[in-house]
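Enquirer: So that we are looking at the same thing, I have put the structure below in structure tokens.
Numbering (the numbering used here), first residue to last: 83 to 331.
Below you can see the structure in the form of structure tokens.
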């Protein structure tokens, strides 16, 4: 009996230590903006736990990545807006999920999903919609990403609690495709994407993070990892008609 109890303790102790590690805040990429600096920022939640980023398109719709919401019941999803730390701000329920018909786990060109909110958001200084870019920005253009991310390669064992904003430059698509083909051969990068450079070895923001150029939404983060290789975004400009048709904006 004593031997069995001893074995049980050996099994339980390592698992009991994991939650303590997970609740530590990660050292995150970029600066800490005020909520009014990125008022279009949204956090997608599953059963009240933050899982992805998103952008406020209007008071009724959030744009994010489909990997965050695929095969999930809308009533289990929610969105938090107007926040600076993970569980601050206003909460809105999700009543409908609309996934781009050409989306797949390997096709990064159409990886978009719309979340229709059950109730419209109340606009304020910290809650505002963002428009979509009208023209294609050039390689090397200045941009920024906002959301949650981590320098820590042990990202699965920590919780990035604070909203971040990081300046980046758009990266040549052909070079990006070649680099990503070596590191992630199942991931395709096409003319319907943007890539953003990484100058340091750090983990990407969570999926769905908005890429903003000149105050307008250019991309939604579709693929990244803990390397120096470029992040891959869906170019929202190429999907503007799909967005408009499904949100009436």
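From the three backbone atoms N, C-alpha and C, an ideal C-beta is built for every residue, glycine too.
Because the structure is a prediction, the values reported are computed rather than measured.
1. Can you find the residues in the same chain that come closer than 6 Å, C-beta to C-beta, to residue 325, ignoring five residues on each side of it along the sequence?
2. Closer than 7 Å by C-beta to residue 222: which residues in its own chain qualify, once you throw out the five before and the five after it? Chain order, please.
3. Leaving out five residues before and five after residue 178 in sequence, what residues of the same chain have Cβ atoms less than 7 Å from its Cβ?
4. Taking the CB atoms as reference points, tell me whether residue 180 and residue 203 lie closer together than 8 Å.
5. Return the Cβ separation of residue 271 and residue 190 in integer angstroms, given the expectation that the two are a contact with Cβ distance under 8 Å.
6. With a threshold of 16 other CB atoms inside 10 Å of the CB of residue 313, please say whether the residue is buried or exposed.
7. Can you tell me the Cα-Cα spacing of residue 306 and residue 206, whole angstroms?
8. Measuring only between beta-carbons, confirm whether residue 130 sits less than 8 Å from chain B.
9. Could you give the DSSP three-state label for residue 319: helix, strand or coil?
10. Tell me, please, which residues DSSP counts as bridged to residue 143.
11. Using the beta-carbon count (16 or more within 10 Å), is residue 144 buried or exposed?
12. Report the start-end ranges of each beta strand (DSSP E) in the region 146–232 that is 3 residues or longer and not cut off at the edges.
13. Kindly indicate which three-state DSSP category residue 259 falls into: helix, strand or coil?
14. Taking DSSP's pairing of strands, which residues face residue 270 in a bridge?
15. Consult DSSP for residue 325 and reduce its assignment to one of helix, strand or coil.
16. Under three-state DSSP, which class holds residue 311?
17. How long is the line joining the alpha carbons of residue 150 and residue 174, rounded to whole angstroms?
18. Based on the DSSP secondary-structure assignment, which residues constitute the bridge partners of residue 278?
19. Could you tell me which residues DSSP puts in a beta bridge with residue 123?
Expert: This is what the structure holds:
1. none
2. 251, 252
3. 156, 198
4. no
5. 6 Å
6. buried
7. 32 Å
8. Annotation note: the requested chain B is absent from the structure, which comprises a single protein chain.
9. helix
10. 140, 198
11. buried
12. 159–163, 172–181, 195–199, 224–229
13. helix
14. 189
15. helix
16. coil
17. Going from the Cα of residue 150 to the Cα of residue 174 covers about 16 Å.
18. 252, 313
19. Checking the DSSP bridge columns, you'll see residue 123 partnered with 137.
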